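Heads up, the thing below is written out as structure tokens.
2 protein chains.
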Amino acid sequence: MAQNIYDNPAFFAGYSQLPRQVLGLDGAPEWPAIRAMLPDLRDKRVVDLGCGFGWASRWMREQGAASVLGLDLSQNMIERARRDTPDPAIEYRIADLDNLQLPPAAFDLAYSALTFHYVEDFARLIATLVQSLAPGGHLVFTIEHPIYMAAAKPDWLRDADGRLTWPVNGYSVEGERRTDWFAKGVLKHHRTLATTLNTLIEAGLRIDRIDEFAPTAAQIAALPALAEELERPMMLLVSAQR
Amino acid sequence: MAQNIYDNPAFFAGYSQLPRQVLGLDGAPEWPAIRAMLPDLRDKRVVDLGCGFGWASRWMREQGAASVLGLDLSQNMIERARRDTPDPAIEYRIADLDNLQLPPAAFDLAYSALTFHYVEDFARLIATLVQSLAPGGHLVFTIEHPIYMAAAKPDWLRDADGRLTWPVNGYSVEGERRTDWFAKGVLKHHRTLATTLNTLIEAGLRIDRIDEFAPTAAQIAALPALAEELERPMMLLVSAQR
Numbered sequence: 238m239a240q241n242i243y244d245n246p247a248f249f250a251g252y253s254q255l256p257r258q259v260l261g262l263d264g265a266p267e268w269p270a271i272r273a274m275l276p277d278l279r280d281k282r283v284v285d286l287g288c289g290f291g292w293a294s295r296w297m298r299e300q301g302a303a304s305v306l307g308l309d310l311s312q313n314m315i316e317r318a319r320r321d322t323p324d325p326a327i328e329y330r331i332a333d334l335d336n337l338q339l340p341p342a343a344f345d346l347a348y349s350a351l352t353f354h355y356v357e358d359f360a361r362l363i364a365t366l367v368q369s370l371a372p373g374g375h376l377v378f379t380i381e382h383p384i385y386m387a388a389a390k391p392d393w394l395r396d397a398d399g400r401l402t403w404p405v406n407g408y409s410v411e412g413e414r415r416t417d418w419f420a421k422g423v424l425k426h427h428r429t430l431a432t433t434l435n436t437l438i439e440a441g442l443r444i445d446r447i448d449e450f451a452p453t454a455a456q457i458a459a460l461p462a463l464a465e466e467l468e469r470p471m472m473l474l475v476s477a478q479r
Numbered sequence: 238m239a240q241n242i243y244d245n246p247a248f249f250a251g252y253s254q255l256p257r258q259v260l261g262l263d264g265a266p267e268w269p270a271i272r273a274m275l276p277d278l279r280d281k282r283v284v285d286l287g288c289g290f291g292w293a294s295r296w297m298r299e300q301g302a303a304s305v306l307g308l309d310l311s312q313n314m315i316e317r318a319r320r321d322t323p324d325p326a327i328e329y330r331i332a333d334l335d336n337l338q339l340p341p342a343a344f345d346l347a348y349s350a351l352t353f354h355y356v357e358d359f360a361r362l363i364a365t366l367v368q369s370l371a372p373g374g375h376l377v378f379t380i381e382h383p384i385y386m387a388a389a390k391p392d393w394l395r396d397a398d399g400r401l402t403w404p405v406n407g408y409s410v411e412g413e414r415r416t417d418w419f420a421k422g423v424l425k426h427h428r429t430l431a432t433t434l435n436t437l438i439e440a441g442l443r444i445d446r447i448d449e450f451a452p453t454a455a456q457i458a459a460l461p462a463l464a465e466e467l468e469r470p471m472m473l474l475v476s477a478q479r
């Protein structure tokens, strides 16, 4: 069972104030890159894994999706998503992705933002998703980048010349990583990029596109703090097809 | 035109003493991982890009390849490869991968070890290779990993806890990287992992497998210095198919 940090009151209070939770999709600088990876959503049956407050679920319906099933481990998130979504074609359910079951060929798109790095058994999850996709169905997801997650102390340091530098160590040693982020000991699961991509390929998916989110010049001009995202990728975006 | 550092006498003298040049393929710890990615070589027409002394070209013929065309920018390398190869089915030619031309559908396998990071226009090279592969043909190559190459000073440092750590900065800023390695100012071209993989996909290849070389426990037991390769990947291995 995944750690349910999102129902920790201190965590939830802090997390709810993030720009991407207050502003929705436009508060996430990687959102334009995700949009560019998504297939045409008209008439699509979508499952949104780690749906949070339901921002993406609602956006997908606005783009013409036939239905959206939003799943999240957090009761806090699901209750707020339900409150904010007056749309009978969107259903929200509490679900643990570590023991998720989904019906066969029930979806045309499986979408997930910044959730799969909480999942311990990635191969099991991907097998579940592949069988639940119709032939030709898409999987589009984002995770924290393994470059961002690998190190024992994942935080900026300076090299001998004073250059802002991101640390990488233990990259090839997969498994638990614990960090303090709104709460102590938030549990994530580090996998190499090779493991992430090979798991998809071995499950029968074709890799269509990879993105390691980097801000555009226009984004940096609007929000100069984003410039440091050029130094190392914080997020990995993947688009694959059954 | 690529920098021809391999014909710099000081560089060549140092480079020729590397275990992988003295011992051949068994001196390269990533060789078992490469072998695992290669298709059955029997009756295959192979092009070996950056063939060096011809170690891999000769091995492929021993595995049953019908013919091997070995290409290298360095006259030193090609002359030594010719001297060491009494096999009329292996041809060696001096070639610059930055303006390479190859006949259409002439090869079943394009293979390259630790060469493509010297190439400036990767998309041009890949398009050349794709049209020169027969349908179903394979591309298997290794490059220095972008994690290894990105930083302004790509060398070990210590984090605040004294942990051996690899620096990453400028990851999303692609282009020239110069390092001192047997000679001053060796020129390489940094590309993100996303660019490398998307270039293959956009050229019509299917990604079959990725490897970020990490030594096995047995390899570390035999050569303890390899343990640091667990901290960050030095090499990226890719297998793709037309």
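Read top to bottom, the protein sequences are chains B and V. Going by my numbering, the first sequence opens with residue 238, and the numbers climb by one from there. Going by my numbering, the second sequence opens with residue 238, and the numbers climb by one from there. No residue lacks a Cβ here, since even glycine has one placed at the ideal position from N, Cα and C. These figures come from a predicted structure and were not determined experimentally.
Interface flag, residue i vs chain B, CB-CB below 8 Å
i	result
residue 398/V	yes
residue 454/V	no
residue 505/V	Residue 505/V is absent from the model: chain V starts at 238 and stops at 479.
residue 394/V	yes
residue 443/V	yes
residue 273/V	no
residue 449/V	yes
residue 363/V	no
residue 331/V	no
Simplified DSSP state of residue i, which is helix, strand or coil
i	result
residue 345/V	strand
residue 354/V	helix
residue 262/B	helix
residue 456/B	helix
residue 379/B	strand
residue 323/B	coil
residue 471/V	coil
residue 400/B	coil
residue 329/B	strand
residue 449/V	strand
residue 368/B	helix
residue 443/V	strand
residue 424/B	strand
residue 395/V	strand
residue 338/B	coil
residue 312/B	helix
residue 477/B	strand
Of the listed residues the options, nearest to residue i (C-alpha basis)
i	options	result
residue 256/V	323/V, 476/V and 265/V	265/V
residue 439/B	460/B, 418/B and 478/B	478/B
residue 331/V	314/V, 293/V, 359/V and 354/V	314/V
residue 392/B	377/B, 408/B, 372/B and 416/B	416/B
residue 398/V	403/B, 396/B, 389/B and 274/B	389/B
residue 321/V	291/V, 402/V and 474/V	291/V
residue 301/V	441/V, 385/V and 276/V	276/V
residue 341/B	318/B, 370/B, 356/B and 317/B	370/B
residue 351/B	288/B, 409/B and 333/B	288/B
residue 485/V	241/V, 245/V and 271/V	Lying outside 238 to 479, the shown extent of chain V, residue 485/V is not represented and no answer is given.
Limits of the alpha helix (DSSP H) - the one that residue i falls within
i	result
residue 249/B	246 to 252
residue 295/V	292 to 299
residue 437/V	430 to 439
residue 271/B	268 to 274
CB contact below 8 Å: residue i versus chain V
i	result
residue 410/B	yes
residue 468/B	yes
residue 462/B	no
residue 390/B	yes
residue 403/B	yes
residue 429/B	yes
residue 446/B	yes
residue 299/B	no
residue 434/B	yes
residue 384/B	yes
residue 438/B	yes
Assigned exposure category for residue i - 16 Cβ within 10 Å defines buried
i	result
residue 406/B	buried
residue 429/V	buried
residue 281/V	buried
residue 425/V	buried
residue 284/B	buried
residue 336/V	exposed
residue 379/B	buried
residue 279/B	exposed
residue 356/B	buried
residue 259/V	exposed
residue 306/V	buried
residue 460/B	exposed
Boundaries of the beta strand (DSSP E) in which residue i is found, first to last residue
i	result
residue 414/V	412 to 416
residue 286/B	282 to 286
residue 306/B	304 to 309
Any non-hydrogen atom of the ligand GDP within 7 Å of residue i CB
i	result
residue 433/B	As far as ligands go, the structure on display features none, and thus does not contain the ligand GDP.
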